[in-house]
Amino acid sequence: MKTRFALGREYVDFQVPDENLLGLLEVKASNQTLSNGELIKQALAHPIGTPQIRDIIKNKQARSAVIVVNDLTRPTPYHDMLPPLLAEIEEAGIDRSNIELIVALGIHRPHTAEDNLDTFGEEICSNYKIINHDCDNDLVSLGYLQNGMELIINRQVAEADLLITTGLVGLHYFAGYSGGRKSILPGVAARPLIEANHRMMSDPRACLGNYRDNPVNDIMLQAARMAGVDFILNVVTAGRDRIVFASAGDLEQAWMAGVQHCEELDVFSIDQKADIVIAGCGGYPKDINMYQSQKALDAASLAVKDGGTILLIAECSEGLGEETFAEWIEDAACPEDIERRFHDKFELGGHKAYAICRTLKHCQVMLYSMLPDEVVLNMFLQPVEKIQNTIDTLLAHYGSKASVWLMPEASKIAVQAKV
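As numbered in the working numbering, the sequence shown has no gaps in its residue numbers, which increase by one up to the final residue, 1478.
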């Protein structure tokens, strides 16, 4: 089979013998025809597991509202989501001067005025208070979680008359899925709690597409319940701006509706793992650096046999990317150094280096990119000069019955192996 994968803004061609190919795993197309606005209005009119917003406001006698919103690192179509949501709140009697939007930064950098304008639009920025969450200041304790961690979150969120969270449901490499409960933890939580929660990604159940017995998901969900979330509005998107599914209502039920929709499009059940997985990122900007490209390894690692090989195709035109990630890579003499550092002191950015090392525990990773060979080797990966030659060599190494999965946009899918 001849095929091509995106590489930056270009493409790379190669072929795999049909007798070795198990198949092509790529996102299924959505048949949704409604507009973004229609989907949002439908979701708000028919919430899952709760009354409509106006009835919640009436029952609680709420005089103010806090809406938790994503930051710019999680592209969410707020130009379509926020206007109808805000209109419902105001029509129910809460004055816009008593509505606050809290940006769920986690431990990311604060939004600038320009960031807010790009993310939410001029109309929202001109008429509503937008406040950056600060994971180090203006926090309050809500007690203790089941695992003994103290739940400390943003004060405005904790004291809200009406608490609404908004978000984007999609695959997440250690929480299983984004959206829903993640608006609270890590979104508006204290730094030590966020770091402790991220450190739980070392549990093998904390992986892409898994939420059923995922300890990270369990603690996030408990935190959101304790925070008293009254209502959520979540969407599933295709690309940056097109909404293909929207759900509103109960914290868990509405989020699960989004997860189930994602599972229909993005999750593949396979009968066997492969000796070789050829994984792409989908081109620019998803393969702009290694920090972003790492996401493709998560799905690929679930489809490759122990002792197998992942061939990752990622341009990495801007190098390693995030500063802490690069520092952890450069400082490590072996993968075990990164694992020790991860367990000693969590740092955002370093967790991606740890994720690579987690993959390397059961397979080798080869990388076709623009990165210099020494940089690739420093990540404990094998540099590739020519894709076709490498594929042919791998097929010869694994023998005549070698098996291959192809994943053109591996960061967009999850794999569940039956074996």
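Note that beta-carbon positions come from the ideal geometry of N, C-alpha and C, so glycine has one too.
{"Item": "Got a sec? Which residues, its chain only, sit under 8 Å from residue 1123 by beta carbon, not counting five neighbours each side?", "Value": "1153, 1157, 1158, 1159, 1219, 1220, 1221"}
{"Item": "If you reduce the DSSP assignment to three classes, tell me which class residue 1439 lands in.", "Value": "coil"}
{"Item": "Would you check if the region 1126 to 1135 and the region 1225 to 1244 touch, i.e. whether three or more CB-CB distances between them fall below 8 Å?", "Value": "yes"}
{"Item": "If you count every other CB in all the chains shown that lies within 10 Å of the CB of residue 1083, and 16 or more means buried, which is it?", "Value": "exposed"}
{"Item": "So what does residue 1328 bridge to, in DSSP terms?", "Value": "1475"}
{"Item": "Measure the CB-CB distance between residue 1204 and residue 1198 and report whether it falls below 8 Å.", "Value": "no"}
{"Item": "Please state if the CB of residue 1140 and the CB of residue 1225 are separated by a distance shorter than 8 Å.", "Value": "yes"}
{"Item": "Decide if residue 1263 is buried, meaning its Cβ has at least 16 other Cβ atoms within 10 Å, or exposed.", "Value": "exposed"}
{"Item": "Have a look at 1063, 1067, 1060 and flag the residue whose alpha-carbon is nearest the alpha-carbon of residue 1376.", "Value": "1067"}
{"Item": "Threshold first: 4 residues or longer. Then list the alpha helix (DSSP H) segments lying entirely within the region 1340 to 1391, N to C.", "Value": "1349 to 1352, 1354 to 1362, 1382 to 1390"}
{"Item": "Hey, is the region 1302 to 1313 in contact with the region 1072 to 1086, meaning 3+ C-beta pairs nearer than 8 Å?", "Value": "no"}
{"Item": "Starting from the Cα of residue 1407, find the closest Cα among 1389, 1385, 1419, 1428 and give me that residue.", "Value": "1385"}
{"Item": "Apart from the five residues on each side of it in sequence, which residues of its chain come closer than 8 Å, Cβ to Cβ, to residue 1187?", "Value": "1145, 1155, 1158, 1159, 1160"}
{"Item": "Provide the residue(s) that pair with residue 1314 in DSSP beta bridges, ordered along the chain.", "Value": "Per DSSP, none; premise fails for residue 1314."}
{"Item": "Sort out for me which residues DSSP pairs residue 1061 with in a bridge.", "Value": "1074"}
{"Item": "Return yes when at least one heavy atom of the ligand NAD lies under 7 Å from the C-beta of residue 1383, else no.", "Value": "The ligand NAD is absent from the structure shown, which contains no ligands of any kind."}
{"Item": "What residue from 1418, 1398, 1373, 1322 has the CA that sits closest to residue 1364's CA?", "Value": "1418"}
{"Item": "Please list, in chain order, all residues of the same chain as residue 1464 whose beta carbon is under 7 Å from its beta carbon, the five residues on each side excluded.", "Value": "1081, 1082, 1084, 1333, 1336, 1362"}
{"Item": "Quick one: is residue 1147 buried, meaning 16 or more other Cβ sit within 10 Å of its Cβ, or exposed?", "Value": "buried"}
{"Item": "Determine, using beta-carbon pairs with one atom in the region 1422 to 1439 and one in the region 1367 to 1375, whether at least three such pairs fall under 8 Å.", "Value": "yes"}
{"Item": "DSSP state of residue 1105, grouped into three classes?", "Value": "coil"}
{"Item": "Suppose contacts are defined by Cβ-Cβ distances below 8 Å. Is residue 1115 in contact with residue 1289 by that definition?", "Value": "yes"}
{"Item": "Could you give the residue range of the alpha helix (DSSP H) that holds residue 1409?", "Value": "1409 to 1419"}
{"Item": "By a C-beta neighbour count over all protein chains shown, 10 Å radius and 16 as the cutoff for buried, is residue 1069 buried or exposed?", "Value": "exposed"}
{"Item": "Which value, in whole angstroms, describes the spacing of the CA atoms of residue 1342 and residue 1103?", "Value": "35 Å"}
{"Item": "Starting from residue 1160, trace the alpha helix (DSSP H) in both directions and tell me its first and last residue.", "Value": "Here residue 1160 belongs to no alpha helix (DSSP H); instead the beta strand (DSSP E) covers 1158 to 1163."}
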